[in-house]
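As structure tokens, the structure follows; a few thoughts come after it.
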Amino acid sequence: MSAKKYDDAIDAYNHSVALDPTNPVYYSNRAAAYSSKGDHLAAVGDAEKAIALDPKFLKSYHRLGHAYWGLGDTDKAVEAYNRGLAQDPQNEGLLQAARMVQQRVATATPEPAPAPARDAPDLGAGLPDLAGLMNNPQMRAMAQQLASSGGLSSLMQNPGVQNMVRSPSLASCAFSLSLR
Numbered sequence: 004m005s006a007k008k009y010d011d012a013i014d015a016y017n018h019s020v021a022l023d024p025t026n027p028v029y030y031s032n033r034a035a036a037y038s039s040k041g042d043h044l045a046a047v048g049d050a051e052k053a054i055a056l057d058p059k060f061l062k063s064y065h066r067l068g069h070a071y072w073g074l075g076d077t078d079k080a081v082e083a084y085n086r087g088l089a090q091d092p093q094n095e096g097l098l099q100a101a102r103m104v105q106q107r108v109a110t111a112t113p114e115p116a117p118a119p120a121r122d123a124p125d126l127g128a129g130l131p132d133l134a135g136l137m138n139n140p141q142m143r144a145m146a147q148q149l150a151s152s153g154g155l156s157s158l159m160q161n162p163g164v165q166n167m168v169r170s171p172s173l174a175s176c177a178f179s180l181s182l183r
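Just so we're aligned, residue 4 is where the sequence shown starts under my numbering, counting upward by one.
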């Protein structure tokens, strides 16, 4: 996995799980591979499976906390680290991870919603507030995952999406967003 061949690693762990579905290490390591490629939701599932198989295997709590952090869910990230600490209250890695998340949350200043541009068109017609959506950490993480997994390029092949992108009102909205 250090060569960043995450799909190959996931395939290898799929085979390992098929051979021994009771081994939490396989699920935990596959969770790490999923997180490394940005699929934090799949990582949550595998980390939870590893924990269900062996609640004393603490690395699974690290994987779970990291996956929730990647999804932008800091409350669940801290909860995951604390679940691990319930198994081993002295585990330095879990203590540091929980402190790091709590510290970042405490020092983060909420970003105010950007004011609409003076010359931004009134899109109406039920189009979503894209700027508002991208201020949501979970939506931002999903967009980044879509872009990094190649899903964005396949989405852009959709004729309906291509027509939306070519729309003058959407293009001017995107331009006004880039000026913020």
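Note that CB positions come from ideal geometry on N, CA and C, so glycine has one too.
Since the structure is predicted, the reported quantities are computational estimates derived from the model, not experimental observations.
- Nearest C-alpha to A83 among G68, P24, K8, Y29: G68.
- Contact between V81 and Q99 does not hold, since their C-beta atoms are separated by about 12 Å, which reaches or exceeds 8 Å.
- In the DSSP annotation of this structure, the continuous segment of the alpha helix (DSSP H) that includes Q106 starts and ends at 95 to 110.
- For L88, the enclosing alpha helix (DSSP H) stretches over residues 77 to 90.
- Taking a contact as a CB-CB distance under 8 Å, the pair Y64 and G87 counts as one, their CB atoms being some 3 Å apart.
- In this structure, the CA atom of L61 is about 11 Å from the CA atom of E95.
- When the alpha-carbon of A36 is set against those of M103, E51, D14, the nearest one is in D14.
- P27 and D57 do touch by the CB rule: their CB atoms are close to 4 Å apart, below 8 Å.
- For K62, the three-state secondary structure derived from DSSP is helix.
- In this structure, Y30 places its C-beta atom within 8 Å of the C-beta atom of A53.
- Bounds of any alpha helix (DSSP H) do not take in N26, whose DSSP letter is neither H nor E.
- In this structure, DSSP gives D14 a helical state, which the three-state scheme calls helix.
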